[in-house]
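Novice:
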Amino acid sequence: QQQVKQSPQSLIVQKGGISIINCAYENTAFDYFPWYQQFPGKGPALLIAIRPDVSEKKEGRFTISFNKSAKQFSLHIMDSQPGDSATYFCAAFVTGTASKLTFGTGTRLQVTL
Amino acid sequence: KAGVTQTPRYLIKTRGQQVTLSCSPISGHRSVSWYQQTPGQGLQFLFEYFSETQRNKGNFPGRFSGRQFSNSRSEMNVSTLELGDSALYLCASSSSQGFRTEAFFGQGTRLTVV
Numbered sequence: 252q253q254q255v256k257q258s259p260q261s262l263i264v265q266k267g268g269i270s271i272i273n274c275a276y277e278n279t280a281f282d283y284f285p286w287y288q289q290f291p292g293k294g295p296a297l298l299i300a301i302r303p304d305v306s307e308k309k310e311g312r313f314t315i316s317f318n319k320s321a322k323q324f325s326l327h328i329m330d331s332q333p334g335d336s337a338t339y340f341c342a343a344f345v346t347g348t349a350s351k352l353t354f355g356t357g358t359r360l361q362v363t364l
Numbered sequence: 122k123a124g125v126t127q128t129p130r131y132l133i134k135t136r137g138q139q140v141t142l143s144c145s146p147i148s149g150h151r152s153v154s155w156y157q158q159t160p161g162q163g164l165q166f167l168f169e170y171f172s173e174t175q176r177n178k179g180n181f182p183g184r185f186s187g188r189q190f191s192n193s194r195s196e197m198n199v200s201t202l203e204l205g206d207s208a209l210y211l212c213a214s215s216s217s218q219g220f221r222t223e224a225f226f227g228q229g230t231r232l233t234v235v
């Protein structure tokens, strides 16, 4: 059972454009939603995270939007750069099981010049 | 502060063999979790150890096992390897269990079963 659905599977964005990745979850017990960035040959690295009591969180060019009623959240990358080309994973977990992350299937982002 | 260290980085094993992977967490971190990453199944949770005790376990067969030592270092063992076990195995450490602390991942061990 896939508890976190992520789309699109791949995304090509021009430099300077906005990259948008969407995730939807089923388990209403999830109460923390991190996004991870993974470069080839590397492990995932935490990018930004949000709790469901907040509708939006921004860190630099990265913004998470959260819609608790729809059980959806999304990552927006503003002014996308070639260095942002990586695979992005949304994830979710339940407080009390901090290390048991449930991941989305990943989005491979390519930012072209 | 050193990150999460996984050894070896690459492994090639034959079907039917067993393998042991090692993970050294960030100093001071007591929780270590393991994930399997494959193109088809994505990132899947294997198990978590905290203070030498397995606290959570994913839906993997009993061939997958692990342990944690008193210094928080962890090992993962896969017995009777199958071709489908070929994957990137990732270890993540966090400072404590039950809190919203972030998980830091190592670079992984790429296991190829032939």
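From first to last, the protein sequence lines stand for chains L and F. When you read off a place in the first sequence, starting at 1, and then add 251, the result is the number in the working numbering. When you read off a place in the second sequence, starting at 1, and then add 121, the result is the number in the working numbering. Idealized CB from N, CA, C, for every residue including glycine. If you're wondering where the values come from, they're calculated on a predicted model, not measured in any experiment.
Below 8 Å on the Cβ atoms is my guess for Gly355 of chain L versus Gln257 of chain L; work out the distance and round it to an integer in Å.
Specialist: Translated into the one-based positions of the first sequence, residue 355 of chain L becomes position 104. Translated into the one-based positions of the first sequence, residue 257 of chain L becomes position 6. Gly355 of chain L to Gln257 of chain L, Cβ: 3 Å. Contact.
Novice: If contact means a Cβ-Cβ distance below 7 Å, which residues of the region 155 to 171 of chain F contact chain L?
Specialist: Result list: Gly163, Leu164, Phe166 and Glu169.
Novice: Starting from Arg130 of chain F and walking both ways along the beta strand (DSSP E), at which residues does that stretch end?
Specialist: The residue you call residue 130 of chain F lines up with position 9 of the second sequence. Premise fails: Arg130 of chain F is in no beta strand (DSSP E) and is neither H nor E.
Novice: Just tell me which of F:Val234, F:Gln139 and F:Arg231 has its CA closest to the CA of Arg184 of chain F.
Specialist: Position 63 of the second sequence, counted from the first residue, corresponds to residue 184 of chain F. For Arg184 of chain F, the nearest C-alpha among the options comes from F:Gln139.
Novice: Output, in chain order, the set of chain L residues within a Cβ distance shorter than 9 Å of Leu211 of chain F.
Specialist: The sequence position of residue 211 of chain F within the second sequence is 90, counting from 1. By Cβ distance, chain L contributes Gly294 and Pro295.
Novice: Taking all protein chains shown into account, decide if Thr135 of chain F is buried (16 or more other Cβ within 10 angstroms of its Cβ) or exposed.
Specialist: The residue you call residue 135 of chain F lines up with position 14 of the second sequence. Thr135 of chain F is exposed by the Cβ-count criterion.
Novice: In three-state DSSP terms, what is Leu202 of chain F?
Specialist: Taking the second sequence and counting its residues from 1, one reaches residue 202 of chain F at position 81. The answer is coil: DSSP assigns Leu202 of chain F none of H, G, I, E or B.
Novice: Name the chain F residues whose beta carbon is nearer than 7 Å to that of Pro357 of chain L?
Specialist: Position 106 of the first sequence, counted from the start, is the residue given in the question as residue 357 of chain L. In the sequence on display, residue 357 of chain L carries Gly and not Pro. Ordered by position in chain F, the residues that pass the 7 Å Cβ test against Gly357 of chain L are Gly163.
Novice: Where does Asp304 of chain L land, buried or exposed, given buried means 16+ other C-beta within 10 angstroms?
Specialist: Here the question's residue 304 of chain L lines up with position 53 in the first sequence. Classification for Asp304 of chain L: exposed.
Novice: Please state whether the Cβ-Cβ distance between Ala300 of chain L and Glu223 of chain F is less than 8 Å.
Specialist: For this step, residue 300 of chain L is matched to residue 49 along the first sequence. For this step, residue 223 of chain F is matched to residue 102 along the second sequence. Cβ distance < 8 Å, so Ala300 of chain L and Glu223 of chain F count as in contact.
Novice: Any idea what DSSP makes of Pro285 of chain L, helix, strand or coil?
Specialist: As a first step, residue 285 of chain L is located in the first sequence; it is residue number 34 there, counting from the start. Looking at Pro285 of chain L - three-state DSSP - the assignment turns out to be strand.
Novice: Identify each residue in the region 295 to 315 of chain L for which the Cβ-Cβ distance to at least one residue of chain F is less than 9 Å, and report them in chain order.
Specialist: Against chain F - using a Cβ distance shorter than 9 Å - the residues of the region 295 to 315 of chain L are Pro295, Ala296, Leu297, Ala300 and Arg302.
Novice: Applying a beta-carbon distance threshold of less than 9 Å, which residues of chain L neighbour Phe226 of chain F?
Specialist: As a working note, residue 226 of chain F is residue 105 in the second sequence. Within chain L, the residues near Phe226 of chain F are Tyr287, Gln289, Lys293, Gly294, Pro295, Ala296 and Leu297.
Novice: Give the interface partners of Leu364 of chain L over in chain F, defined as CB-CB distance under 9 Å, in chain order.
Specialist: On the first sequence, position 113 is the one that residue 364 of chain L refers to. Here the premise fails: no neighbours, minimum Cβ distance about 27 Å.
Novice: Which of the three DSSP states, helix, strand or coil, is assigned to Gly334 of chain L?
Specialist: For this step, residue 334 of chain L is matched to residue 83 along the first sequence. Residue state, collapsed to three classes: helix.
Novice: Rounded to whole angstroms, what's the CA-CA distance from Phe281 of chain L to Val345 of chain L? Just pull it up for me.
Specialist: Stepping through the first sequence from its first residue, residue 281 of chain L is reached at position 30. Stepping through the first sequence from its first residue, residue 345 of chain L is reached at position 94. Cα to Cα, the separation comes out at about 5 Å.
Novice: List the residues of chain F whose Cβ lies closer than 7 Å to the Cβ of Phe354 of chain L, in chain order.
Specialist: Taking the first sequence and counting its residues from 1, one reaches residue 354 of chain L at position 103. Gly163 and Leu164, listed in chain order.
Novice: Contact defined as beta carbons within less than 8 Å: I believe Leu94 of chain F pairs with Thr230 of chain F. What is the distance between those atoms, to the nearest angstrom?
Specialist: In the structure displayed, chain F extends from 122 to 235; residue 94 of chain F sits before or after that span and is not available.
Novice: When the Cα atoms are used, what is the spatial distance from Ala271 of chain L to Asn192 of chain F?
Specialist: As a position in the first sequence, residue 271 of chain L is number 20, starting the count at 1. As a position in the second sequence, residue 192 of chain F is number 71, starting the count at 1. Note that residue 271 of chain L is Ile in the sequence shown here, rather than Ala. Each residue's Cα considered, the two are about 41 Å apart.
Novice: Examine chain L for any beta-carbon lying closer than 8 Å to the beta-carbon of Gly229 of chain F, and answer yes or no.
Specialist: Residue numbering aside, residue 229 of chain F sits at position 108 when the second sequence is read from its first letter. So yes, Gly229 of chain F belongs to the interface.
Novice: For Glu223 of chain F, go through chain L and note every residue whose CB falls closer than 9 Å to its CB, in chain order.
Specialist: Residue mapping note: residue 223 of chain F aligns to position 102 of the second sequence, counting from 1. Those within 9 Å of Glu223 of chain F in chain L are Pro285, Leu297, Ala300 and Ala349.
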